[in-house]
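Going by my numbering, the first residue of the sequence shown is number 27, and it counts up by one from there.
Every residue, glycine too, gets a C-beta built ideally from N, C-alpha and C.
The structure displayed is predicted, hence computed values, not measured ones.
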Amino acid sequence: MASMTVIKGGEAGTIFDLADSKPALIGRKKDCEVMFDDTVVSAHHARVEPVAGGWIITDLGSSNGTTVNGRAVKATVPLDDGAVVGLGDSIELRFRVGVVPAVAGEAELALVAAMRERTDLIRREVAKVIVGQTEVIEQIMMVLLAGGHGLLVGMPGMAKTLMVSTLAKVLDLEFRRIQFTPDLMPSDMTGTEVLETNLTTQEKAFRFIRGPIFCNLLLADEINRTPPKTQAALLEAMQEKRVTAGNRTYTLDEPFFVLATQNPIEQEGTYPLPEAQLDRFMFNIWVDYPAEHEEELIVRTTTTTRGAEPGKVLSKAEVLQLQDVVRKIPVSPHVVKYAVRLVRATRPAEPKAPPFIRQYVATGAGPRAGQYLVLAAKARAVMEGRIHVSCADIRRAAAPVLRHRILLNFAADSEGLTTMNLVDRVLGAVEEPSEGDYA
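What follows is the structure, given as structure tokens:
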């Protein structure tokens, strides 16, 4: 199996798979296997085909020309693994041999193809209860499909709890809610052992009673209101998907997600999450005020009789299958390099970090941020019915992944800067990899 990956122009990061048994056309027309909606590309620009011992490319009389590794293609030339194919001056593709797409099953491909319509259906079902907040719902869906956990930060009364419980109904997930309070103990979440007496034999034995953490979707409401001892009880469940009580370890049912809520303004009587635990959350999702027309609709609809109940769109088995598909989505080296470049640009000690990072940041994001950027980008591609990931998907996931992994210094606080200000500036300062990065 061979492939061509867009590394410049078009939609960078897009991967086109080439069949081993037949030629592939490159051009603007719909009959082209490698198609670009760009006037620099001719209707039938070039043809790539397998021959005995390798691959060749032929220019089909294109108006702007075809190049291989910078040299013009006059007629037919061989293609080697890693060759860069140029279409005019604005589009470049990297040719690779032996790149097998990770998503191979027909059932998985069909599931991905249907996800765009299902994603729209999920939005419509959630909209029966939640008005607006489309970006928040999209980010929660990205977290769930990527198998991560999310922290929802927003003012009181923003329907964070209702949003999570509604999504649980739409995705057919077993839902539990824990109200975190200062007196909450770890056993109140994980469960406890009780001493029971067998009425027949009169023998006494301990029996473990499972706590509310044994579910598919756990809402940790106001997680910063409970002491660190109880907060830490979530760590094993979030990372290893299991719970240890006494001398026994219990495995949680798949899928398992933690969505925690937090009030950003009330600090009295709260216990801020340690940085190590914050890093376990894939996304920090900001739940903002609704728009004026949305708020009018909220007031109008919530002060009358109850509306329609949301219906189920996905089953638990399909959620698990989609999580598996997300892991199988191929990602080009171009996209991975861009994700790593973004993360490294947030570290003040990094030689290539922008000057404003050295000026305002105390600690940057760690390697887990790069992992979550790529996973979130894959999840977004699946939600849109695609099996290729672009740098645009990485940029879309940058804010919720990075905003809680960047620690500001005193200079930033004194100037009233936030982590979102710096994330926006990093996105503007860091360029996508170019051909020179692969030399």
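- Inclusion of leucine 44 and serine 29 in the CB contact set at 8 Å is warranted, their separation being smaller than that value.
- Glycine 96 is classed as exposed because its beta carbon has fewer than 16 other beta carbons within 10 Å across all chains shown.
- In terms of Cα proximity to glycine 337, the closest of Val110, Asp63, Ile148 is Ile148.
- In the DSSP assignment, valine 111 forms a beta bridge with Val94, Leu119.
- Beta-bridge annotation (DSSP): glutamine 288 is paired with Val179.
- Judged by pairs of C-beta atoms under 8 Å, the stretch 74–81 touches the stretch 93–111, as three or more such pairs exist.
- Asparagine 310 is bridged by DSSP to Leu177.
- Annotated as proximal: glutamate 320 and valine 157, with beta-carbon spacing under 8 Å.
- With 16 or more neighbouring CB atoms inside 10 Å of its own CB, glutamate 458 falls in the buried class.
- Going by DSSP, aspartate 43 is part of the beta strand (DSSP E) stretching over 41–44.
- Phenylalanine 382 has no beta-bridge partner at all, per DSSP.
- DSSP places methionine 30 in the strand class (E or B) of the three-state scheme.
- Residue pairing by DSSP places lysine 230 opposite Thr223 in a beta bridge.
- One alpha carbon belongs to glutamate 376, the other to glutamate 318, and they sit about 43 Å apart.
- Histidine 71 is not a Cβ neighbour of isoleucine 41, given a cutoff of 8 Å.
- Collapsing the DSSP output to three states places tyrosine 276 in a strand.
- The beta carbons of threonine 277 and arginine 268 sit closer together than 8 Å.
- DSSP places valine 357 in the coil class of the three-state scheme, outside both helix and strand.
- Taking a contact to require three or more Cβ pairs closer than 8 Å, the stretch 197–209 and the stretch 235–247 qualify as touching.
- The alpha-carbon separation between threonine 226 and phenylalanine 232 amounts to approximately 16 Å.
- Assigned with DSSP and collapsed to three states, glutamine 159 falls in coil, not helix or strand.
- Separation of the CB atoms of leucine 171 and alanine 405 is rounded to 4 Å, and the pair is thereby assigned contact status at 8 Å.
- Sixteen is the threshold: when 16 or more other Cβ atoms of the shown chains lie within 10 Å of the Cβ of leucine 399, as they do, the residue is buried.
- When secondary structure is reduced to three states using DSSP, glutamate 75 falls in the strand class.
- About 6 Å separates the CB atoms of valine 449 and alanine 424; that is less than 8 Å, so the two are in contact.
- Each residue's CA atom was taken as its position, placing threonine 331 and glutamate 200 some 26 Å apart.
- Sequence-distant partners of arginine 451 (beyond 5 residues in either direction) whose C-beta falls short of 8 Å from its own C-beta, in its chain, are Pro380, Phe382.
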